[in-house]
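To start, the structure itself, in structure tokens.
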Amino acid sequence: IFTTLFPDTHAGGATELPLQPRRREKENPIPASEQAAAPAMASGSSRPQILCVSFNQDNSMFSVGTKEGFKIFDARTGRLCNDNKLGGLNVVELWFATNLIAMVGTGEQPSRSPRRLCLFNTITGASKKDLNFRSTILAVRFSRTRLIVVLQDKTFIYDLNSTRILEEIDTVHNPKGLCAFAPNSEWCYLAIPASTSKGSALVYKASEPELICQIDAHESPLAAMAFSSNGMYLATASEKGTMIRVYIVAQATKSHSFRRGAYPSTIYSLSFGPCIDRPDVLAATSSSGSLHMFFLDAARNGRNQTNKLLGSIIPGSKAISDALDPANHHVIHNIAPAETKSCLAVHSVEYSQNSSKFPDVRTVVYVVTHDGYFREYTIGTTKSNESSWVLEREFSLLDTGYTQKQNEHHHVD
């Protein structure tokens, strides 16, 4: 029913954010010891509090839920597509670039119960379908044909067109509603926690639905997960947050292991690059206020060289070479104040047209922080593994006008 009701546009009554283009900052080489100063943040108790942030399935748009309602932005232009004051919302999920959204209220209004999922038409301003549950809805995910609803002890898989339940999964206690979903893959893979004591995930085919495998990724419980765009790779981080691992879903085997840092930090968000065949970039944001970039292709090449070297010295050295997997890790410090939640999306990854074995890479990343800012970064990495970055755009999500920030030179480790 929704494919005919909701064309691919957020049209009608859209208002343009009064953005002033920010001056591109000078690209900076990466000194290992230098960190950036934290960006200046606007203060004021009158600003609506952000309760949730989510990108759509192709990262072209994102939604923001506040105590007042929701806003929908075009990530590529910064255009405010919809601003609706329906009351507090804990969940706002976009269905691709259409006027269908899924929203869950905070319970401050009787019609906005946290146990009621509302499928809402942003053009007509009317609900198309309400689904009621016995406990609080913690997360919602969409594909073209599937609707995923996560409660703290159950996960539901729906057929989107008929809103018929296809599978009701009893889960371990999942108070944060942690899940990962691959909406653009053929099988619509879904990952949910398998344990409350260690970092294991159950992977389902939401298209069937059926259980595919269990991935035992970490010793401590999971804090974040994300699928690659084709659903073939799953990135995981534990509550400790020192290691980020990537698994091949079909084999339930680890393909990469990256060290984020020596000290614990909560991973708020993970995002692969948009490459359809095989992911080349993985990005993460953490409670330290940093943006981390990991380059998977460079890690593969580096690991192959390490395997060759160790193989000539130590027979059967596969486990050792895994521990020595090169970091290929670049950091932008202080993209937000410490402990500020964030959501990111890798928009694009472009390679230079030279014939080098290790080409130059230009990665564009969107970051939305819960203190109310959108930032677009371009990270450049050379074949010699040197990096620089530029803050391309920055604007406030909550203010009626654009607040110019102090221009500063930033450095990446």
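Sequential numbering of the sequence shown, starting at 320, is according to the numbering used here. Don't be surprised by glycine CBs; every beta carbon is placed ideally from N, CA and C.
query, result
"Quick check on aspartate 690: does DSSP put it in helix, strand or coil?", "coil"
"Considering glutamine 533, what are the terminal residues of the beta strand (DSSP E) in which it resides?", "529-537"
"Using DSSP bridges, identify the partner residues of glycine 384.", "Cys371 and Phe389"
"Could you tell me the boundaries of the beta strand (DSSP E) in which lysine 447 lies?", "445-451"
"Name the DSSP bridge partner or partners of lysine 573?", "Tyr566"
"So, for glycine 426: in the same chain, excluding its five sequence neighbours on each side, which residues have a beta-carbon less than 6 angstroms away from its beta-carbon?", "Ser432 and Pro433"
"Between valine 665 and threonine 490, what straight-line distance do the alpha-carbon atoms span, to the nearest angstrom?", "30 angstroms"
"What number of angstroms, rounded off, separates the C-alpha of valine 600 from the C-alpha of proline 593?", "9 angstroms"
"Judging by CA-CA distance, which residue of Thr572, His652 and Pro429 is the nearest neighbour of valine 522?", "Thr572"
"Leaving aside the five residues before and after lysine 517 along the sequence, list all residues of the same chain whose C-beta is less than 8 angstroms from its C-beta, in chain order.", "Asp535, His537, Glu538, Ser539 and Pro540"
"Among Pro502, Pro494 and Phe500, which has the Cα closest to the Cα of serine 742?", "Only positions 320 to 732 of the chain appear in the structure, and residue 742 is not among them; the question remains open."
"What are the boundary residues of the beta strand (DSSP E) that includes phenylalanine 714?", "706-715"
"Run through DSSP, which three-state label would leucine 399 get?", "strand"
"Throw me the rounded Cβ distance for the leucine 820 and alanine 543 pair, which I believe falls under 8 angstroms.", "What is shown of the chain runs 320 to 732, which leaves residue 820 out entirely."
"Would you say alanine 569 touches the ligand PLP, meaning its beta carbon is less than 7 angstroms from a heavy atom?", "As presented, the structure is devoid of all ligands, the ligand PLP included, so that no description of it is given."
"Taking its Cβ as the centre, do 16 or more other Cβ atoms sit within 10 Å of proline 337, making it buried, or is it exposed?", "Any reading at proline 337 needs caution, since the residue's pLDDT is 31, under 50, leaving its predicted position unreliable; the model's value is listed next. Flag for proline 337 reads exposed."
"Please check the pair phenylalanine 591 and serine 548, which I expect to be a contact at CB under 8 angstroms, by giving their CB distance rounded to whole angstroms.", "7 angstroms"
"Can you give the Cα-Cα distance for serine 526 and serine 519, rounded to whole angstroms?", "22 angstroms"
"One question on the structure: do tyrosine 670 and proline 598 come within less than 8 angstroms of each other, judged by their Cβ atoms?", "no"
"Smallest Cα separation from glutamate 529: which of Leu509, His575 and Ala421?", "Leu509"
"Evaluate serine 504 with the Cβ neighbour count: other Cβ atoms within 10 Å of its Cβ, from every protein chain shown; 16 or more gives buried, anything less gives exposed.", "buried"
"Measuring only the C-alpha atoms, how far is threonine 455 from proline 502?", "23 angstroms"
"Give every residue of the same chain whose Cβ lies closer than 6 angstroms to the Cβ of aspartate 478, excluding the five residues on either side of it in the sequence, and list them in chain order.", "Leu485"
"Here's the rule: buried if 16 or more other CB atoms are within 10 angstroms of the residue's CB, otherwise exposed. What is tyrosine 566?", "buried"
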